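Visitor:
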Amino acid sequence: MAHVLGIDIGGSGVKAAPVDTVTGQLITERQKLATPQPATPDAISEVVKELVKLFGWTGKAGVTFPGVVIGGMIRTAANLDQSWIGVDGAGEFGQATGLDVTVLNDADAAGVAEMRFGAGKGEVGVVLMLTLGTGIGSALFIDGILVPNTEFGHIEIRGKEAEKRASEHVREIDELSWGKWAGRVDEYLTHMEALLSPNLIIIGGGVSQKSEKFLPRLTGLQAKVVPAALHNDAGIVGAAMAAVHGAVGAARAPAEQ
Ligand code: BGC
């Protein structure tokens with residue numbers, strides 16, 4: 000039995016729930032607090048601490064971060080306060096909560112959970128997970144092993160970063176029709192397919208719950224494109240799994256562990 004608190008830091012909210020890492024199920028209902036603005040290390044750590052308190056948690060915790068994370072260190076923070084860059088994320092959250100904390104990229108966490116329990120379960124070969132949310136996150140797998148911190152949301156399309164054209168956030172603020180936005184997503188996926196030739200593309204983020212609005216409009220992709228199965232819980236589940244197994248091999252770790 001490995002119960003771990005999973006915490007998912009996003010651009011608008013910080014979500015958490017205790018997770019059974021063997022079954023991938025949330026043990027109790029998740030809690031969500033607003034992401035403070037500015038989203039500085041102190042302000043976010045306060046919210047993480049609050050969530051740990053809400054659950055009365057004393058065990059291990061896994062935390063996602065929307066940027067490049069190498070060995071617990073934050074290297075980029077495209078959609079949070081820039082003062083995160085260079086911060087020891089694992090040390091920061093560990094100090095704030097008094098817990099043993101593992102930190103990893105948010106899309107990597109979501110991908111790990113989908114590969115183990117969701118839309119990518121049992122898939123071998125190259126699988127690409129893309130989360131379309133505040134930004135665009137990516138997770139790349141080969142035979143269930145993660146290549147961490149791929150950052151494909153920053154690939155340039157028509158002279159602009161992909162996440163500035165095809166994220167869910169851009170669809171909302173620019174009030175794009177589903178048709179227009181789907182066209183942008185299609186162009187982006189076609190580009191990614193040309194670069195990586197995945198056999199499966201998993202689309203995550205909140206918008207994965209409205210997949211009927213855009214997946215049928217995609218054209219000409221060779222890869223199977225499917226919505227994420229765990230939707231908004233994927234980050235929480237993947238964070239908890241990474242705390243037990245490490246991010247890279249978590250999707251393939253034996254269930255007994
Ligand atoms: C960040 C990624 C993150 C993605 C989704 C991007 O702007 O660079 O690290 O995974 O947003 O949050």
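Taking numbering that gives the first Met the number 0, the leading residue of the sequence shown gets 0, the next gets one more, and so forth. Each residue gets a CB set at the ideal place from its N, CA and C atoms; glycine is no exception. Quick caveat: nothing in here was measured; it's all calculated off a predicted structure.
#1: Can you tell which of 144, 104, 146, 218 has the C-alpha that lies nearest to the C-alpha of residue 77?
#2: So what does DSSP say about residue 130, is it helix, strand or coil?
#3: Tell me the DSSP secondary structure of residue 150 in three-state form.
#4: Quick check: is any heavy atom of the ligand BGC less than 8 Å from the C-beta of residue 75?
#5: Should residue 147 be listed as close to the ligand BGC, given that the test is whether its C-beta is under 8 Å from any heavy atom?
#6: When you compare each of 191, 226, 112 to residue 219 by their alpha carbons, which one comes out closest?
#7: With distance defined between alpha-carbon atoms, name the residue in 63, 137, 143 nearest to residue 251.
#8: Starting from residue 94, follow the beta strand (DSSP E) in both directions and report where the run begins and ends.
#9: In this structure, does DSSP put residue 8 in helix, strand or coil?
#10: Runs of 4 residues minimum, wholly inside the region 24-81: which ones carry the alpha helix (DSSP H) assignment?
#11: Within the same chain, show all residues whose beta-carbon is closer than 6 Å to that of residue 99, passing over the 5 residues directly before and after it, in chain order.
Guide: Result, derived from the coordinates:
#1: Residue 104 is the option with its Cα nearest to residue 77.
#2: The answer is strand: DSSP assigns residue 130 an E or B state.
#3: It is coil, neither helix nor strand.
#4: Proximity of the beta carbon of residue 75 to the ligand BGC is indicated: a heavy atom of the ligand is located closer than 8 Å.
#5: For the ligand BGC, no non-hydrogen atom lies closer than 8 Å to the CB of residue 147.
#6: The candidate whose alpha carbon is nearest that of residue 219 is 191.
#7: Ranking the options by Cα distance to residue 251, first place goes to 143.
#8: Segment 88-96 is the alpha helix (DSSP H) holding residue 94; no beta strand (DSSP E) there.
#9: Residue 8 sits in a strand when the DSSP states are folded into three classes.
#10: Here the runs fully enclosed are 40-53.
#11: Same-chain partners within the cutoff: 59.
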